[in-house]
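> Dumping the structure here so I can ask a few things about it.
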Amino acid sequence: MLSRAGRIVSPYRLLLPLCFGVFIAADDMTVVVTLLPDMMADLRVAPSELDRASWSITGFLIGFTAAMPLMGRISDRAGYRLAFLAALAVFTLGSAMVALSPQIPGWLYGGLPEFNWLVGMRVFQAIGGGAMIPISIAAVGELVDGRHRAVAYGLIGASAEAGGVFGPLWGGGITTWLSWEWAFWLNIPVTVLAALWIMRNPPGKRNKHVKVDVPAGLVFAAALALLIVGLVRIGEPDAIMAISLAVTAGLVVLLIAMNTRSPDPLFPRPLFRLVSFNFANITHLSVGAVLIIGMVTVPLMAATVFGKTPIEGGLQLLRMTVAIGAAAVIGGIITQRIGPRVPAMVGLVVTSLGFLLMSGWSVDIAEPALTMHLVITGLGIGLLISPIAETALFSVVDDQRGAASALITVSRMVGMMAGLAAMTALGTVHFQQLVADVPAFSPDPADQARNIETITNAGMDVFTRFYEYAAILSALALVPAWLMTRKVRPLASPSEGDA
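Laid out in structure tokens, this is it:
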């Protein structure tokens with residue numbers, strides 16, 4: 375219990391405004407899934423330019439991830455409350471700019487609406503959104519005692535997953551009754567509410583000796599963006615892919631050199647001497663890739679081979695994400711009682727089993743099998759959230775918790791972006807190979823029916839192959855998950871961890 379204005383306050387109550395902010399940010403990561411068709415129409419993007427349109431999501435992920443290391447260190451220096459308020463301010467301004475993006479070219483130079491302006495504003499908005507998660511995770515170390523932190527990590531994870539599933543449903547409702555811009559205008563009152571709420575919390579510790587390496591943060595952001603540019607072209611390699619990946623490698627070398635020589639590195643060097651921290655990041659990288667496969671493929675499969683509406687696709691995904699949120703809390707309780715190893719290993723086994731079951735889907739998959747498979751997968755992923763956070767932060771000193779929280783979140787986001795880029799590129803090539811000999815239209819109704827069936831089966835083959843990849847990756851992640859939990863015990867203090 376903590377004291378506030380002479381009253382005893384539950385630490386979990388102090389986490390509520392942080393969880394609310396995380397929910398809002400995660401919601402905006404996925405809301406465009408159902409807004410995208412209307413956005414494309416308003417901003418003159420043709421249906422054949424889906425690879426270009428996907429940058430409304432990819433750009434947000436890049437900004438979301440790039441902000442984390444810098445904001446993690448800012449949180450260590452300024453205190454979690456001030457850093458969280460700054461993140462909310464950037465997110466609010468970015469939301470307004472996204473809503474206004476169709477008008478910006480006309481105001482500046484009398485031009486027509488351009489999609490690139492929307493992508494740029496989404497990146498700016500994401501800088502605020504991406505900062506909220508590491509700030510919140512770092513705040514747990516200050517607001518919650520060691521015995522209860524695992525549950526707190528689970529609550530923050532559950533908030534992020536809940537926001538991620540609410541996004542497509544919210545976007546579908548907005549486009550049904552209003553225009554897509556309202557999904558971003560309505561962010562403003564809820565972020566103001568979050569700001570007023572967080573102001574009731576204690577300000578948090580300030581560590582003025584902590585410095586923020588802004589140049590290294592910019593190099594990290596550039597490397598991240600170029601990595602994704604290269605990965606999205608992996609299905610059809612070309613010079614742009616080669617140049618992007620080569621420059622990425624050079625920037626990574628530069629970042630390592632900067633981090634090694636700087637007296638105040640962006641990524642504190644002691645973190646990389648913690649065995650559990652390093653393997654937690656490797657595990658989280660795999661979990662991010664697995665998660666994005668499910669989050670993207672389930673609604674996409676529903677909208678194509680199953681012929682569902684966007685709302686129905688969102689509701690289908692809801693079965694998995696609700697299970698993730700519930701299991702995140704359960705995993706926190708289990709981790710608190712017996713340590714992170716069992717929930718981490720069980721979570722990966724269950725995740726692999728769930729995706730393996732989903733890889734056997736056909737166009738005739740029916741209830742209750744569909745729901746059972748989605749719930750099994752969600753339970754497995756949810757069980758992993760708290761063990762990974764607990765393990766990563768087990769031995770981290772207080773003035774490095776923000777940076778450590780940012781890094782462990784970055785690893786998951788990089789896994790998501792890499793998984794999405796590779797999945798999109800390889801899946802597109804595989805689908806084109808399967809339907810290369812299928813004519814777009816046949817005047818013979820029987821032939822046309824067979825063509826449609828062939829295309830549907832090709833789509834099903836691509837989607838189920840994604841699930842196979844996720845099952846394999848989940849199984850492979852058992853190795854780093856075992857290694858990350860070797861020295862982490864339940865209810866231990868940080869001083870008892872590995873060094």
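To convert, take the position in the sequence shown, counting from 1, and add 374; that gives this note's numbering. Where is the CB? At the ideal position from N, CA and C, for every residue including glycine. Values in this document were obtained by computation on a predicted structure and should not be read as measured data.
1. If you measure between the beta carbons of L744 and Q710, is that distance less than 9 Å?
2. Using CA atoms only, rank isn't needed, just tell me which of W551, M403, I511 and L543 is closest to A766.
3. Determine the closest residue to R839 out of M797, F498, F438 and P443, with distance taken between C-alpha atoms.
4. What's the call for M732, buried or exposed, on a 16-neighbour Cβ count within 10 Å?
5. Buried or exposed for M791, going by 16 or more other Cβ atoms inside 10 Å?
6. Could you tell me if P563 is buried or exposed, where buried requires 16 or more neighbouring beta carbons within 10 angstroms of its beta carbon?
7. Skipping 5 residues on each side, what residues in its chain have a beta carbon closer than 7 Å to that of A700?
8. Helix or strand or just coil, what does DSSP make of S736?
9. Would you identify the three-state DSSP class for G453, choosing helix, strand or coil?
10. A778 to G537, Cα distance in whole Å?
11. Per DSSP, what kind of secondary structure is N655 in: helix, strand or coil?
12. Mapping DSSP to helix, strand and coil, what is D872?
13. Roughly how many angstroms lie between the CA atoms of L552 and L648, to the nearest whole one?
14. List the endpoints of the continuous alpha helix (DSSP H) containing T565.
15. Is the Cβ-Cβ distance between R455 and I530 less than 9 Å?
16. Report all residues from its chain with a CB closer than 6 Å to the CB of A441; omit the five preceding and five following residues, and keep chain order.
17. Please say whether I398 and S449 have beta carbons closer to each other than 9 Å?
18. So, is S475 buried or exposed, given that buried needs 16 or more other C-beta atoms within 10 angstroms?
19. Taking the alpha helix (DSSP H) that L758 falls in, what are its first and last residues?
20. Between A599, G547, A702 and A461, which has its C-alpha nearest A623's C-alpha?
According to the structure shown:
1. no
2. I511
3. M797
4. buried
5. buried
6. exposed
7. G756
8. coil
9. coil
10. 23 Å
11. helix
12. For D872, the predicted model reports a pLDDT of 42, less than 50, meaning its position is unreliable; a value from the coordinates is still stated below. DSSP places D872 in coil when its eight states are reduced to three.
13. 50 Å
14. N561 to I572
15. no
16. I501, G504 and A505
17. no
18. buried
19. A743 to A766
20. A599
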